[in-house]
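What follows is a single structure, written as C-alpha coordinates, with notes after it.
Numbering (the numbering used here), first residue to last: 4 to 480.
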(Lines of atoms letter the chains of each structure in order from A and count residues from 1; the text may use other names and numbers.)
(Lines give C-alpha, C1' and ligand atoms only; values in the text may rest on other atoms or scores of the structure.)
Protein backbone atom coordinates (compact mmCIF):
# COMPACT_ATOMS: atom_id res chain seq x y z
CA UNK A 1 0.00 0.00 0.00
CA UNK A 2 1.37 3.43 -1.04
CA UNK A 3 1.82 6.35 1.33
CA UNK A 4 -1.00 8.90 1.55
CA UNK A 5 -0.75 12.32 -0.20
CA UNK A 6 1.35 14.84 1.75
CA UNK A 7 0.64 18.59 1.35
CA UNK A 8 4.16 19.34 2.54
CA UNK A 9 5.64 17.16 -0.18
CA UNK A 10 3.38 18.79 -2.82
CA UNK A 11 4.46 22.28 -1.66
CA UNK A 12 8.15 21.40 -1.69
CA UNK A 13 7.97 19.65 -5.05
CA UNK A 14 5.96 22.42 -6.81
CA UNK A 15 7.90 24.03 -9.70
CA UNK A 16 6.21 27.36 -8.91
CA UNK A 17 8.34 29.46 -6.51
CA UNK A 18 6.16 29.90 -3.41
CA UNK A 19 6.51 31.09 0.19
CA UNK A 20 4.12 31.47 3.15
CA UNK A 21 4.16 33.88 6.12
CA UNK A 22 2.07 33.76 9.29
CA UNK A 23 0.12 36.53 11.01
CA UNK A 24 3.38 37.79 12.59
CA UNK A 25 5.06 38.10 9.16
CA UNK A 26 7.35 35.14 9.96
CA UNK A 27 8.25 32.94 6.96
CA UNK A 28 6.85 29.47 7.63
CA UNK A 29 7.31 27.84 4.20
CA UNK A 30 9.85 28.48 1.46
CA UNK A 31 9.97 25.81 -1.27
CA UNK A 32 12.99 24.77 -3.33
CA UNK A 33 11.83 26.55 -6.47
CA UNK A 34 11.66 29.83 -4.54
CA UNK A 35 15.10 29.25 -3.06
CA UNK A 36 16.57 28.66 -6.53
CA UNK A 37 14.86 31.74 -7.94
CA UNK A 38 16.20 34.03 -5.19
CA UNK A 39 19.52 32.23 -4.64
CA UNK A 40 19.03 31.66 -0.87
CA UNK A 41 18.79 28.59 1.35
CA UNK A 42 15.39 27.71 2.89
CA UNK A 43 17.17 27.10 6.21
CA UNK A 44 18.38 30.71 6.21
CA UNK A 45 14.92 32.08 5.51
CA UNK A 46 12.33 29.99 7.38
CA UNK A 47 11.59 31.42 10.80
CA UNK A 48 12.75 34.89 9.75
CA UNK A 49 10.83 38.11 9.08
CA UNK A 50 11.37 40.63 6.30
CA UNK A 51 11.17 38.49 3.18
CA UNK A 52 11.20 41.69 1.14
CA UNK A 53 14.95 42.19 1.56
CA UNK A 54 15.59 39.10 -0.61
CA UNK A 55 13.82 40.90 -3.47
CA UNK A 56 14.74 44.54 -2.93
CA UNK A 57 17.99 44.25 -0.95
CA UNK A 58 16.41 46.39 1.81
CA UNK A 59 13.62 45.94 4.34
CA UNK A 60 10.37 46.46 2.43
CA UNK A 61 6.96 44.76 2.70
CA UNK A 62 5.77 42.47 -0.08
CA UNK A 63 2.14 41.75 -1.05
CA UNK A 64 1.89 38.93 1.54
CA UNK A 65 2.87 41.40 4.30
CA UNK A 66 0.28 43.91 3.09
CA UNK A 67 -2.43 41.24 3.00
CA UNK A 68 -1.65 40.19 6.59
CA UNK A 69 -1.82 43.86 7.67
CA UNK A 70 -5.18 44.27 5.85
CA UNK A 71 -3.90 47.29 3.92
CA UNK A 72 -3.71 45.82 0.43
CA UNK A 73 -7.03 47.24 -0.87
CA UNK A 74 -6.29 50.76 0.41
CA UNK A 75 -2.88 50.69 -1.26
CA UNK A 76 -4.39 49.57 -4.58
CA UNK A 77 -7.02 52.32 -4.41
CA UNK A 78 -4.45 54.99 -3.52
CA UNK A 79 -0.73 54.91 -4.33
CA UNK A 80 -0.12 51.78 -6.34
CA UNK A 81 -3.03 51.64 -8.74
CA UNK A 82 -0.70 51.00 -11.70
CA UNK A 83 1.52 48.40 -9.91
CA UNK A 84 -0.98 46.15 -8.12
CA UNK A 85 -4.40 44.80 -9.18
CA UNK A 86 -7.05 42.46 -7.84
CA UNK A 87 -7.04 38.93 -9.26
CA UNK A 88 -9.77 38.19 -11.78
CA UNK A 89 -9.74 34.48 -10.83
CA UNK A 90 -9.49 34.19 -7.00
CA UNK A 91 -11.41 36.48 -4.61
CA UNK A 92 -9.25 38.46 -2.12
CA UNK A 93 -6.15 37.62 -4.20
CA UNK A 94 -3.87 40.17 -5.87
CA UNK A 95 -1.36 40.33 -8.74
CA UNK A 96 1.66 42.48 -9.62
CA UNK A 97 4.69 42.54 -11.85
CA UNK A 98 7.94 44.43 -11.21
CA UNK A 99 11.58 44.66 -12.30
CA UNK A 100 14.29 43.76 -9.71
CA UNK A 101 17.74 44.99 -10.78
CA UNK A 102 19.58 43.16 -7.97
CA UNK A 103 18.39 39.67 -9.07
CA UNK A 104 20.73 37.94 -11.51
CA UNK A 105 23.48 39.54 -13.52
CA UNK A 106 21.18 41.97 -15.44
CA UNK A 107 18.07 42.01 -13.21
CA UNK A 108 14.80 40.11 -13.57
CA UNK A 109 11.12 40.78 -14.21
CA UNK A 110 8.89 38.86 -11.76
CA UNK A 111 5.10 38.28 -11.79
CA UNK A 112 3.57 37.87 -8.28
CA UNK A 113 0.30 36.44 -6.99
CA UNK A 114 -0.68 36.61 -3.32
CA UNK A 115 -3.73 35.52 -1.33
CA UNK A 116 -4.75 35.42 2.35
CA UNK A 117 -4.80 32.20 4.43
CA UNK A 118 -7.78 31.92 6.79
CA UNK A 119 -8.76 29.61 9.66
CA UNK A 120 -12.20 28.00 9.92
CA UNK A 121 -13.57 31.20 11.49
CA UNK A 122 -12.51 33.22 8.48
CA UNK A 123 -9.76 35.12 10.25
CA UNK A 124 -6.55 35.85 8.34
CA UNK A 125 -3.76 33.64 9.75
CA UNK A 126 -1.16 34.39 7.10
CA UNK A 127 -0.63 34.77 3.37
CA UNK A 128 0.79 32.76 0.49
CA UNK A 129 2.68 34.34 -2.41
CA UNK A 130 3.99 32.92 -5.69
CA UNK A 131 6.39 34.39 -8.23
CA UNK A 132 7.17 33.74 -11.88
CA UNK A 133 10.14 34.87 -13.95
CA UNK A 134 8.73 36.81 -16.94
CA UNK A 135 12.02 38.38 -18.02
CA UNK A 136 12.05 36.70 -21.44
CA UNK A 137 8.50 37.88 -22.16
CA UNK A 138 9.36 41.44 -21.15
CA UNK A 139 12.51 41.38 -23.32
CA UNK A 140 10.43 40.10 -26.25
CA UNK A 141 7.80 42.81 -25.66
CA UNK A 142 10.53 45.48 -25.61
CA UNK A 143 12.02 44.13 -28.84
CA UNK A 144 8.55 44.07 -30.42
CA UNK A 145 7.91 47.64 -29.30
CA UNK A 146 11.25 48.72 -30.78
CA UNK A 147 10.45 46.99 -34.06
CA UNK A 148 7.01 48.57 -34.11
CA UNK A 149 8.52 52.04 -33.61
CA UNK A 150 10.98 51.41 -36.44
CA UNK A 151 8.13 50.27 -38.71
CA UNK A 152 6.10 53.35 -37.77
CA UNK A 153 9.07 55.57 -38.66
CA UNK A 154 9.41 53.87 -42.03
CA UNK A 155 5.65 54.16 -42.65
CA UNK A 156 5.79 57.82 -41.67
CA UNK A 157 8.60 58.47 -44.15
CA UNK A 158 6.75 56.62 -46.92
CA UNK A 159 3.56 58.47 -46.05
CA UNK A 160 5.32 61.80 -46.32
CA UNK A 161 6.71 60.84 -49.73
CA UNK A 162 3.25 59.73 -50.86
CA UNK A 163 1.73 62.95 -49.50
CA UNK A 164 4.10 65.05 -51.62
CA UNK A 165 3.28 62.95 -54.69
CA UNK A 166 -0.44 63.17 -53.95
CA UNK A 167 -0.22 66.94 -53.57
CA UNK A 168 1.24 67.19 -57.03
CA UNK A 169 -1.58 65.01 -58.36
CA UNK A 170 -4.17 67.06 -56.47
CA UNK A 171 -2.84 70.28 -57.97
CA UNK A 172 -3.26 68.80 -61.43
CA UNK A 173 -6.70 67.44 -60.56
CA UNK A 174 -7.72 70.79 -59.09
CA UNK A 175 -7.27 72.52 -62.40
CA UNK A 176 -9.33 69.83 -64.14
CA UNK A 177 -12.04 70.02 -61.46
CA UNK A 178 -12.37 73.78 -61.86
CA UNK A 179 -12.95 73.34 -65.56
CA UNK A 180 -15.46 70.51 -64.93
CA UNK A 181 -17.28 72.57 -62.26
CA UNK A 182 -17.70 75.42 -64.70
CA UNK A 183 -19.19 73.01 -67.24
CA UNK A 184 -21.48 71.47 -64.56
CA UNK A 185 -22.57 74.93 -63.45
CA UNK A 186 -23.59 75.86 -66.99
CA UNK A 187 -25.34 72.52 -67.39
CA UNK A 188 -27.19 72.97 -64.09
CA UNK A 189 -28.39 76.40 -65.15
CA UNK A 190 -29.69 74.96 -68.41
CA UNK A 191 -31.45 72.10 -66.55
CA UNK A 192 -33.03 74.58 -64.16
CA UNK A 193 -34.32 76.75 -66.98
CA UNK A 194 -35.60 73.67 -68.78
CA UNK A 195 -37.41 72.47 -65.64
CA UNK A 196 -39.02 75.89 -65.21
CA UNK A 197 -40.14 75.83 -68.82
CA UNK A 198 -41.64 72.34 -68.43
CA UNK A 199 -43.41 73.35 -65.20
CA UNK A 200 -44.83 76.43 -66.91
CA UNK A 201 -46.04 74.30 -69.82
CA UNK A 202 -47.69 71.77 -67.50
CA UNK A 203 -49.24 74.64 -65.53
CA UNK A 204 -50.63 76.08 -68.76
CA UNK A 205 -52.02 72.69 -69.84
CA UNK A 206 -53.65 72.15 -66.46
CA UNK A 207 -55.10 75.67 -66.48
CA UNK A 208 -56.57 75.05 -69.92
CA UNK A 209 -58.08 71.78 -68.70
CA UNK A 210 -59.60 73.54 -65.70
CA UNK A 211 -60.97 76.27 -67.95
CA UNK A 212 -62.54 73.62 -70.22
CA UNK A 213 -64.06 71.88 -67.22
CA UNK A 214 -65.39 75.22 -65.99
CA UNK A 215 -66.98 75.93 -69.38
CA UNK A 216 -68.53 72.45 -69.44
CA UNK A 217 -69.87 72.91 -65.91
CA UNK A 218 -71.32 76.31 -66.80
CA UNK A 219 -72.96 74.86 -69.92
CA UNK A 220 -74.48 71.97 -68.00
CA UNK A 221 -75.69 74.37 -65.31
CA UNK A 222 -77.29 76.58 -67.95
CA UNK A 223 -79.04 73.61 -69.59
CA UNK A 224 -80.33 72.36 -66.23
CA UNK A 225 -81.41 75.83 -65.18
CA UNK A 226 -84.02 76.14 -67.96
CA UNK A 227 -86.11 73.02 -67.10
CA UNK A 228 -85.66 73.76 -63.38
CA UNK A 229 -87.11 77.21 -64.05
CA UNK A 230 -90.35 76.03 -65.61
CA UNK A 231 -90.65 73.08 -63.18
CA UNK A 232 -90.43 75.58 -60.33
CA UNK A 233 -93.00 77.84 -62.04
CA UNK A 234 -95.37 74.93 -62.72
CA UNK A 235 -94.94 73.74 -59.16
CA UNK A 236 -96.11 77.12 -57.89
CA UNK A 237 -99.19 76.89 -60.08
CA UNK A 238 -99.83 73.31 -58.89
CA UNK A 239 -99.72 74.47 -55.26
CA UNK A 240 -102.33 77.15 -56.09
CA UNK A 241 -104.57 74.62 -57.90
CA UNK A 242 -104.38 72.12 -55.04
CA UNK A 243 -105.23 74.85 -52.55
CA UNK A 244 -108.32 75.72 -54.58
CA UNK A 245 -109.32 72.05 -54.85
CA UNK A 246 -108.96 71.54 -51.08
CA UNK A 247 -111.08 74.68 -50.57
CA UNK A 248 -113.80 73.28 -52.87
CA UNK A 249 -113.62 69.90 -51.11
CA UNK A 250 -114.18 71.60 -47.76
CA UNK A 251 -117.28 73.33 -49.19
CA UNK A 252 -118.69 69.99 -50.39
CA UNK A 253 -118.10 68.44 -46.95
CA UNK A 254 -120.17 71.23 -45.35
CA UNK A 255 -123.08 70.42 -47.71
CA UNK A 256 -122.82 66.70 -46.95
CA UNK A 257 -125.17 66.61 -43.93
CA UNK A 258 -127.69 69.17 -45.18
CA UNK A 259 -128.44 68.36 -48.84
CA UNK A 260 -127.39 64.80 -49.57
CA UNK A 261 -129.66 61.77 -49.32
CA UNK A 262 -128.54 59.00 -46.96
CA UNK A 263 -127.63 56.82 -49.94
CA UNK A 264 -125.36 59.49 -51.50
CA UNK A 265 -123.85 60.34 -48.11
CA UNK A 266 -123.12 56.66 -47.48
CA UNK A 267 -121.48 56.28 -50.89
CA UNK A 268 -119.36 59.41 -50.41
CA UNK A 269 -118.29 58.24 -46.97
CA UNK A 270 -117.24 54.84 -48.34
CA UNK A 271 -115.25 56.54 -51.12
CA UNK A 272 -113.50 58.85 -48.60
CA UNK A 273 -112.53 55.86 -46.48
CA UNK A 274 -111.31 53.90 -49.49
CA UNK A 275 -109.02 56.69 -50.79
CA UNK A 276 -108.07 57.80 -47.22
CA UNK A 277 -109.09 61.38 -47.92
CA UNK A 278 -108.13 62.66 -44.45
CA UNK A 279 -104.61 61.26 -44.86
CA UNK A 280 -104.30 62.74 -48.36
CA UNK A 281 -105.33 66.16 -47.07
CA UNK A 282 -102.48 65.97 -44.52
CA UNK A 283 -99.83 64.27 -46.68
CA UNK A 284 -100.18 66.15 -50.00
CA UNK A 285 -99.11 69.54 -48.51
CA UNK A 286 -96.12 67.82 -46.87
CA UNK A 287 -95.11 66.17 -50.14
CA UNK A 288 -95.49 69.46 -51.98
CA UNK A 289 -93.35 71.29 -49.39
CA UNK A 290 -90.57 68.67 -49.47
CA UNK A 291 -90.60 68.59 -53.29
CA UNK A 292 -90.37 72.36 -53.44
CA UNK A 293 -87.42 72.30 -51.02
CA UNK A 294 -85.70 69.73 -53.29
CA UNK A 295 -86.24 71.91 -56.36
CA UNK A 296 -84.91 74.95 -54.48
CA UNK A 297 -81.83 72.96 -53.50
CA UNK A 298 -81.24 71.87 -57.10
CA UNK A 299 -81.51 75.52 -58.20
CA UNK A 300 -79.01 76.48 -55.47
CA UNK A 301 -76.53 73.78 -56.59
CA UNK A 302 -76.83 74.90 -60.21
CA UNK A 303 -76.29 78.52 -59.21
CA UNK A 304 -73.30 77.56 -57.04
CA UNK A 305 -71.84 75.64 -59.97
CA UNK A 306 -72.19 78.72 -62.16
CA UNK A 307 -70.72 80.93 -59.43
CA UNK A 308 -67.84 78.50 -58.99
CA UNK A 309 -66.92 78.41 -62.68
CA UNK A 310 -67.58 82.12 -63.37
CA UNK A 311 -67.37 81.30 -67.07
CA UNK A 312 -70.52 83.24 -67.88
CA UNK A 313 -69.17 86.43 -66.28
CA UNK A 314 -66.48 88.95 -67.14
CA UNK A 315 -63.09 87.13 -67.11
CA UNK A 316 -61.26 90.27 -65.96
CA UNK A 317 -60.33 91.16 -62.39
CA UNK A 318 -63.52 91.72 -60.36
CA UNK A 319 -64.63 92.87 -56.92
CA UNK A 320 -66.34 89.80 -55.42
CA UNK A 321 -67.78 88.53 -52.15
CA UNK A 322 -65.16 86.05 -51.00
CA UNK A 323 -67.50 84.46 -48.45
CA UNK A 324 -70.09 83.70 -51.14
CA UNK A 325 -67.41 82.12 -53.32
CA UNK A 326 -66.28 79.87 -50.44
CA UNK A 327 -69.86 78.76 -49.76
CA UNK A 328 -70.46 78.04 -53.46
CA UNK A 329 -67.30 75.94 -53.59
CA UNK A 330 -68.29 74.00 -50.45
CA UNK A 331 -71.63 73.20 -52.07
CA UNK A 332 -69.92 71.96 -55.25
CA UNK A 333 -67.49 69.64 -53.39
CA UNK A 334 -70.01 68.58 -50.76
CA UNK A 335 -69.95 64.98 -52.00
CA UNK A 336 -66.20 64.76 -51.27
CA UNK A 337 -66.71 65.96 -47.69
CA UNK A 338 -70.02 64.74 -46.32
CA UNK A 339 -68.96 61.14 -45.62
CA UNK A 340 -65.64 62.08 -44.01
CA UNK A 341 -65.91 65.27 -41.97
CA UNK A 342 -68.15 67.96 -40.52
CA UNK A 343 -67.70 71.49 -41.87
CA UNK A 344 -67.46 74.37 -39.38
CA UNK A 345 -67.68 77.95 -40.64
CA UNK A 346 -66.10 80.80 -38.66
CA UNK A 347 -66.44 83.76 -41.03
CA UNK A 348 -65.50 87.33 -40.28
CA UNK A 349 -66.80 90.48 -41.95
CA UNK A 350 -64.94 90.88 -45.26
CA UNK A 351 -64.88 93.71 -47.80
CA UNK A 352 -65.18 92.92 -51.48
CA UNK A 353 -61.89 91.57 -52.83
CA UNK A 354 -60.41 92.27 -56.26
CA UNK A 355 -59.50 88.92 -57.80
CA UNK A 356 -60.14 86.36 -60.52
CA UNK A 357 -62.98 84.58 -58.67
CA UNK A 358 -62.95 81.27 -60.54
CA UNK A 359 -59.24 80.85 -59.76
CA UNK A 360 -59.67 81.68 -56.06
CA UNK A 361 -62.56 79.20 -55.96
CA UNK A 362 -60.15 76.65 -57.45
CA UNK A 363 -57.72 77.29 -54.55
CA UNK A 364 -60.52 76.82 -51.99
CA UNK A 365 -61.62 73.61 -53.70
CA UNK A 366 -58.09 72.14 -53.72
CA UNK A 367 -57.52 72.93 -50.04
CA UNK A 368 -60.92 71.58 -48.93
CA UNK A 369 -60.63 68.37 -50.99
CA UNK A 370 -57.08 67.80 -49.64
CA UNK A 371 -58.41 68.30 -46.10
CA UNK A 372 -61.12 65.70 -46.73
CA UNK A 373 -58.56 63.24 -48.13
CA UNK A 374 -56.42 63.72 -44.98
CA UNK A 375 -59.14 62.04 -42.87
CA UNK A 376 -57.73 58.51 -42.79
CA UNK A 377 -58.86 57.33 -39.36
CA UNK A 378 -62.09 55.55 -38.43
CA UNK A 379 -63.46 58.60 -36.60
CA UNK A 380 -65.28 61.39 -38.42
CA UNK A 381 -63.10 64.47 -38.82
CA UNK A 382 -63.70 68.21 -38.81
CA UNK A 383 -62.86 70.84 -41.43
CA UNK A 384 -62.96 74.46 -40.23
CA UNK A 385 -63.04 77.45 -42.58
CA UNK A 386 -62.17 80.86 -41.14
CA UNK A 387 -61.96 84.32 -42.74
CA UNK A 388 -60.75 87.69 -41.55
CA UNK A 389 -59.08 91.00 -42.37
CA UNK A 390 -55.51 92.02 -41.53
CA UNK A 391 -54.58 95.55 -42.62
CA UNK A 392 -54.91 95.89 -46.38
CA UNK A 393 -55.30 92.12 -46.84
CA UNK A 394 -58.01 89.52 -46.31
CA UNK A 395 -57.27 85.94 -45.37
CA UNK A 396 -59.01 82.60 -45.23
CA UNK A 397 -57.96 79.37 -43.53
CA UNK A 398 -58.78 75.71 -44.14
CA UNK A 399 -58.03 73.59 -41.05
CA UNK A 400 -58.49 69.85 -40.71
CA UNK A 401 -58.10 67.25 -37.96
CA UNK A 402 -56.45 64.76 -40.32
CA UNK A 403 -53.16 62.93 -40.33
CA UNK A 404 -50.89 65.97 -40.74
CA UNK A 405 -47.82 66.35 -42.99
CA UNK A 406 -44.44 64.77 -42.02
CA UNK A 407 -41.49 67.19 -41.67
CA UNK A 408 -39.51 65.52 -44.47
CA UNK A 409 -42.43 65.98 -46.88
CA UNK A 410 -43.35 69.57 -45.93
CA UNK A 411 -40.70 71.40 -48.05
CA UNK A 412 -41.95 69.70 -51.25
CA UNK A 413 -45.74 70.00 -50.99
CA UNK A 414 -45.89 72.91 -53.48
CA UNK A 415 -43.63 71.19 -56.03
CA UNK A 416 -45.35 70.25 -59.33
CA UNK A 417 -46.32 66.56 -59.58
CA UNK A 418 -45.27 65.80 -55.98
CA UNK A 419 -47.94 63.77 -54.16
CA UNK A 420 -48.09 61.36 -51.23
CA UNK A 421 -51.32 59.81 -52.47
CA UNK A 422 -51.38 56.31 -54.03
CA UNK A 423 -50.85 55.94 -57.77
CA UNK A 424 -53.97 57.05 -59.61
CA UNK A 425 -55.34 59.02 -56.65
CA UNK A 426 -53.62 62.36 -57.23
CA UNK A 427 -51.71 64.33 -59.86
CA UNK A 428 -49.53 66.37 -57.52
CA UNK A 429 -50.71 69.59 -59.21
CA UNK A 430 -53.40 70.79 -56.79
CA UNK A 431 -51.17 72.61 -54.31
CA UNK A 432 -48.73 73.66 -57.06
CA UNK A 433 -51.53 75.31 -59.05
CA UNK A 434 -52.95 76.86 -55.87
CA UNK A 435 -49.54 78.32 -55.04
CA UNK A 436 -49.23 79.76 -58.54
CA UNK A 437 -52.72 81.31 -58.37
CA UNK A 438 -52.02 82.92 -54.99
CA UNK A 439 -48.66 84.27 -56.24
CA UNK A 440 -50.42 85.70 -59.31
CA UNK A 441 -52.78 87.51 -56.92
CA UNK A 442 -49.75 88.96 -55.06
CA UNK A 443 -50.73 87.00 -51.99
CA UNK A 444 -49.17 84.32 -49.81
CA UNK A 445 -50.02 80.78 -48.71
CA UNK A 446 -48.69 79.35 -45.45
CA UNK A 447 -49.06 75.98 -43.75
CA UNK A 448 -48.94 74.80 -40.14
CA UNK A 449 -49.07 71.08 -39.48
CA UNK A 450 -48.53 68.47 -36.79
CA UNK A 451 -48.44 64.76 -37.54
CA UNK A 452 -51.47 63.04 -36.04
CA UNK A 453 -53.28 66.29 -35.17
CA UNK A 454 -54.00 68.06 -38.46
CA UNK A 455 -53.04 70.82 -40.88
CA UNK A 456 -53.98 74.47 -41.44
CA UNK A 457 -53.48 76.31 -44.75
CA UNK A 458 -53.76 80.12 -44.57
CA UNK A 459 -54.15 82.17 -47.76
CA UNK A 460 -53.69 85.96 -47.63
CA UNK A 461 -54.81 88.19 -50.53
CA UNK A 462 -54.59 91.96 -51.04
CA UNK A 463 -57.99 93.63 -51.01
CA UNK A 464 -57.01 95.64 -54.11
CA UNK A 465 -54.60 94.53 -56.80
CA UNK A 466 -51.92 96.78 -58.32
CA UNK A 467 -53.22 98.79 -61.26
CA UNK A 468 -52.81 97.74 -64.91
CA UNK A 469 -52.90 93.96 -64.42
CA UNK A 470 -53.63 91.42 -67.12
CA UNK A 471 -55.27 88.02 -66.52
CA UNK A 472 -51.89 86.47 -65.70
CA UNK A 473 -51.31 88.91 -62.84
CA UNK A 474 -48.57 90.77 -64.71
CA UNK A 475 -48.42 94.54 -65.24
CA UNK A 476 -49.68 95.41 -68.69
CA UNK A 477 -47.98 98.06 -70.78
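In this text, a Cβ means the ideal position worked out from N, Cα and C, and glycines have one as well.
Predicted model, so just to flag it, every value in this text is computed and none were measured.
Check: So, helix, strand or coil for residue 355, using DSSP?
Finding: coil
Note to self: My assumption, with CB atoms under 8 Å, is that residue 99 sits in contact with residue 115. Please give the rounded CB distance.
What the structure shows: 5 Å
Margin query: Just list the residues that DSSP pairs residue 414 with in beta bridges.
Written below: Answer by DSSP bridge pairing: none, since residue 414 is not bridged.
Note to self: Quick check: what's the CA-CA separation for residue 64 versus residue 14?
What the structure shows: 23 Å
Margin query: Please report the distance separating the alpha-carbon of residue 44 from that of residue 38.
Written below: 6 Å
Checklist line | Every unbroken beta strand (DSSP E) within the segment 106-191, with a cutoff of 3 residues, ordered by chain | finding: 111-121 and 127-136
Check: What separation, rounded to the nearest whole angstrom, lies between the Cα atoms of residue 141 and residue 112?
Finding: 7 Å
Check: By how many angstroms is the C-alpha of residue 127 removed from the C-alpha of residue 120?
Finding: 6 Å
Margin query: Only counting the same chain, and skipping five residues up and downstream in sequence, which positions put a Cβ closer than 6 Å to that of residue 351?
Written below: 390 and 391
Item checked: Touch test, the segment 354-366 against the segment 437-447, Cβ-Cβ under 8 Å, three pairs minimum -> yes
Notebook entry, point to check: Which residues mark the beginning and the end of the beta strand (DSSP E) in which residue 349 is found?
Noted result: 344-349
Next item on the list: Figure out for me which residue from 55, 71, 327 and 139 has the closest Cα to the Cα of residue 105.
Entry: 55
Item checked: Nearest to residue 380 (by Cα), restricted to the options 365, 370 and 407 -> 407
Next item on the list: Go through its chain and collect everything with a Cβ distance to residue 73's Cβ below 8 Å, but skip five positions before and after it.
Entry: 127
Margin query: Taking the straight line between their C-alpha atoms, what separation do you get for residue 319 and residue 293?
Written below: 40 Å
Margin query: With a threshold of 7 Å on Cβ separation, who are the neighbours of residue 96 within its own chain once the five nearest residues in sequence on each side are excluded?
Written below: 90, 116, 117 and 118
Item checked: C-alpha distance - residue 364 paired with residue 438, whole-angstrom precision -> 13 Å
Item checked: Close beta carbons around residue 282, own chain, < 8 Å, minus the five adjacent residues each side -> none
Item checked: Beta-carbon separation (whole angstroms), residue 400 vs residue 459, contact threshold 8 Å -> 6 Å
Check: Could you give the residue range of the beta strand (DSSP E) that holds residue 334?
Finding: Unbroken run through residue 334 is the alpha helix (DSSP H), 325-335; no beta strand (DSSP E).
Next item on the list: Return the CA-CA distance between residue 348 and residue 404, expressed in angstroms with no decimal places.
Entry: 15 Å
Next item on the list: Can you say whether residue 42 is buried or exposed, counting buried as having 16 or more other CB atoms within 10 angstroms of its CB?
Entry: exposed
Next item on the list: State the DSSP-derived secondary structure class of residue 63, mapped to helix, strand or coil.
Entry: coil
Check: According to DSSP, is residue 362 helix, strand or coil?
Finding: helix
Next item on the list: Helix, strand or coil for residue 104, going by three-state DSSP, please let me know.
Entry: coil
Check: So what does DSSP say about residue 197, is it helix, strand or coil?
Finding: helix
Item checked: Residue(s) in a DSSP beta bridge with residue 461 -> 400 and 449
Next item on the list: Taking all protein chains shown into account, decide if residue 109 is buried (16 or more other Cβ within 10 angstroms of its Cβ) or exposed.
Entry: exposed
Notebook entry, point to check: Just checking my contact of residue 33 with residue 48 at CB under 8 Å: how many whole Å lie between their CB atoms?
Noted result: 5 Å
Note to self: By the three-class DSSP mapping on this structure, what secondary structure does residue 321 have?
What the structure shows: strand
Item checked: residue 265, DSSP secondary structure in three states -> helix
Note to self: What does the alpha-carbon distance come out to for the pair residue 189 and residue 417?
What the structure shows: 26 Å
Next item on the list: Round the Cβ separation of residue 36 and residue 17 to the nearest angstrom and send it over; I've been treating them as touching at under 8 Å.
Entry: 6 Å
Margin query: Rounded to the nearest angstrom, what separates residue 163 and residue 453 at their Cα positions?
Written below: 55 Å
Item checked: Rounded straight-line distance, which links the Cα of residue 366 to that of residue 336 -> 12 Å
Item checked: Cβ distance (whole Å) where residue 396 is taken to contact residue 465 below 8 Å -> 5 Å
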